[in-house]
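See below for the structure under consideration.
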Ligand code: ADP
Ligand code: MG
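Residue numbers (the UniProt record's numbering): 152 to 375.
The following block contains the structure:
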């Protein structure tokens, strides 16, 4: 009967997730449908095409994030220099940095630190965390990324931003599906992060001060 309880819990979670997904996808679909109907009536396709595209992109983002959530972690893990992986990730974000007048400050104490990991998935984690940091900073500034050994068998990657911060009572909700405070957010980024970090036997923690910034620390095991 313990198993039955587990089954019931699982079904409840699936139900909640399905309702969330349906809701998130229905909103942009309703918008697109409305604009296509309008366009049929008055032929102003060009005027509406940007809106339609941005709503389609939204559906695309949501489905991509959900797909990466459902994907089991490839059991073939590769040895990877974590510094290199972080540098690759930082490079991907330079267009957003320039737009928002933000600089990365990357500090590495020890190197090389080698992890056994699925590198695309870890990259996804760093991207999601850094995107949140960038999105939280509207007045420019600095994002500090630190990489160091935290014990013989673990390393820590920390991300300190100077963004809007997160009220303390909301910290436990981070990683909850569809929990977002952004008008265009999906609330899936951190959930994906938590899943990938778990699968790598790591952990993530949050500290934040409203109007000052957020510190996110990720601990991961070093390859033996
Ligand atoms: P999304 O970015 O789509 O909203 P996430 O799961 O990535 O979804 O983040 C959930 C919420 O957590 C965000 O909407 C935001 O309110 C908060 N958050 C996450 N990281 C930060 C950060 N670095 N600074 C401020 N708020 C953050
Ligand atoms: Mg996000």
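Ideal Cβ positions, reconstructed from N, Cα and C, are used throughout, including at glycine.
Three-state class that DSSP yields for residue i in the structure shown
i           : result
residue 259 : strand
residue 199 : helix
residue 268 : strand
residue 342 : helix
residue 323 : helix
residue 283 : helix
residue 162 : helix
residue 315 : coil
Neighbour-count burial assignment, residue i, 16 or more Cβ in a 10 Å radius
i           : result
residue 196 : exposed
residue 201 : exposed
residue 214 : exposed
residue 255 : buried
residue 170 : exposed
residue 266 : buried
residue 310 : buried
residue 249 : exposed
residue 313 : buried
residue 186 : buried
Rounded straight-line distance, which links the Cα of residue j to that of residue i
i           : j           : result
residue 191 : residue 180 : 16 angstroms
residue 164 : residue 158 : 10 angstroms
residue 155 : residue 348 : 28 angstroms
residue 246 : residue 160 : 43 angstroms
residue 269 : residue 350 : 10 angstroms
residue 346 : residue 291 : 30 angstroms
residue 374 : residue 263 : 11 angstroms
residue 326 : residue 316 : 16 angstroms
residue 318 : residue 362 : 9 angstroms
residue 293 : residue 281 : 12 angstroms
residue 352 : residue 303 : 15 angstroms
residue 308 : residue 230 : 17 angstroms
residue 175 : residue 324 : 18 angstroms
For residue i, the nearest candidate out of the options (CA to CA)
i           : options            : result
residue 322 : 329, 306, 359      : 359
residue 334 : 324, 252, 209, 327 : 209
residue 371 : 305, 291, 265, 328 : 305
residue 271 : 300, 211, 243      : 243
residue 286 : 275, 298, 332      : 332
residue 218 : 275, 249, 258, 238 : 275
residue 184 : 168, 207, 301, 291 : 207
residue 173 : 302, 345, 328      : 328
residue 277 : 237, 259, 261      : 237
residue 205 : 182, 248, 234      : 182
Residue list, Cβ distance to the ligand MG heavy atoms smaller than 5 angstroms: 283, 340
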